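FYI, in the numbering used here the residues of the sequence shown are 873 to 1257.
Read through the structure below, which is laid out as structure tokens, and then see the notes.
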Amino acid sequence: MIFYQLFILGSLLVFLGIVLKNLGDLPRLPAGPGDGAFAPKVSLLVPARNEELNIEACVASLLEQRYPDFEVIVLDDHSSDGTLDVLRRIAATPSGAKLRIIEGRPLPAGWHGKAWACQQLGEAASGKLLLFTDADTCHQSDALPRAVEAMQRSGAGMLSLTPAQQMESFWEKLIVPLVYHILFSYLPIAMVSKSPSPAFCYAIGQFILFRREAYERIGGHRSVCNNIVEDVWLCKAVKRSGGKVTAFDGTDAVSCRMYQGFGEVWQGFSKNLFAGLGNNVVGLFALMALVALLYLAPYGFLAISVLHGDRSLTLFWLPLVQIAVALLIRLIIAAKFRQPLWPVALHLFSQAMLLLIAANSFRLSVFGKGPEWKGRNYPLSGQSL
């Protein structure tokens, strides 16, 4: 038992080291836009499906960018709410002169909805740089010039920002931060830009900036037409084509409210989790085992210790230290990305919910019609890491 407990503690300390290294390796965006020598036209591209509550704030923030040459194109993807009406109202105002609205064509066989919407946006764009951003994002007025400057300095063909996450409900605050916990605990961020290997990929689809030549070299979103988590697979495609990918901390430039309430959190994570692992069954169950051993089991040992009055090293002290290290990891990530700190104390429940979501994601993908999101089902694509 002592060797098991030491192994778990050692593993958590390794992950703590990875997190600290990753947070140090994720560069912040340049503080300013540079000297303006590199300022090509940028197309700001937004796919929107049933985004009536979000689209006005998103588009308004894009139209206010302090950048000399850009266009904003929003594709309405067959929304059944008032998304299109909101867009038309914005376009009719003086500030909407740079806004162009297109209505999406029917979804072809073999495509997922967002990839098809983005493909149409890419084809409609006239810029030398293409920014794909989600309809639930808001951008500071200097976000675009700073991102363009970062792309120029890095020489990358694809750049992704890590936005700040806006979380209002209890369930959002409990579960959404796990995205960062997973990404920064298990993936060496430095290798994303340093290694040409597609095995090291990090991208967040809420903000992805392409050089047009890099985007066209991979065939646009056609290369990820049947991938639910298209951002990671775009990164892989760029690397396979010989391009360079980079990532920056954009928490002071872009924010996003990914999901609103428990229903969207449950549906959204169930849609993305198994797909984010490339529909890899071994990978999913390995993640579930890791979560159970590292983040849930220590509480079980501690409970047994308290119930039996056993304050031994193996049943009480080592599990207590394991819990402390796990909470420290979560606390560091929360502080770095401007997330509320109180959910850190509920990390046990966050990880328990992650196990339930993982099981549901597997169930829907393998035994059902696929996860559902905004009225569409996403069947298993067959892709595997």
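In this text, a Cβ means the ideal position worked out from N, Cα and C, and glycines have one as well.
Only a predicted model underlies this, so the values are computations on that prediction, with no experimental measurement involved.
The C-alpha of I1229 lies about 25 Å from the C-alpha of W983. At a Cβ-Cβ threshold of 8 Å, F1079 and L1033 count as neighbours. With respect to P1170, I1195 sits close: the two C-beta atoms are nearer than 8 Å. With contacts defined as CB atoms closer than 8 Å, A997 and I962 fail to qualify as a contacting pair. Secondary structure within the region 1096-1120: the alpha helix (DSSP H) runs of 4 or more consecutive residues, fully enclosed, are 1102-1112 (chain order). Beta-bridge analysis with DSSP links H1011 to V1126. Across the structure, V958 and E928 are spaced so that their CA atoms are roughly 7 Å apart. In the three-state DSSP reduction, L1001 falls in the strand class (E or B). Boundaries of the beta strand (DSSP E) around M1030: 1030-1034. Taking I1201 as the centre and dropping the five residues before and after it, the same chain places the C-beta of L884, F887, L888, V891, H1053, S1057 closer than 8 Å to its C-beta, in chain order. Contact holds between the region 935-952 and the region 965-972, because three or more Cβ pairs, one in each stretch, are under 8 Å apart. Within the DSSP bridge table, the entry for L916 names V944, L1003 as partners. Remark: C-beta atoms of A1007 and N926 approach each other more closely than 8 Å.
Around the CB of V1154, fewer than 16 other CB atoms lie within 10 Å, so the residue is classed as exposed. The beta carbons of L979 and G985 sit closer together than 8 Å. For E975, the enclosing beta strand (DSSP E) starts and ends at 971-975. Taken atom to atom, the span from the alpha-carbon of P912 to that of A1161 is near 48 Å. The shortest C-alpha to C-alpha distance from S1041 to any of P1251, F1239, P1215 is the one to P1215. Just so you know, the alpha carbons of Q1139 and F1072 end up roughly 27 Å apart.
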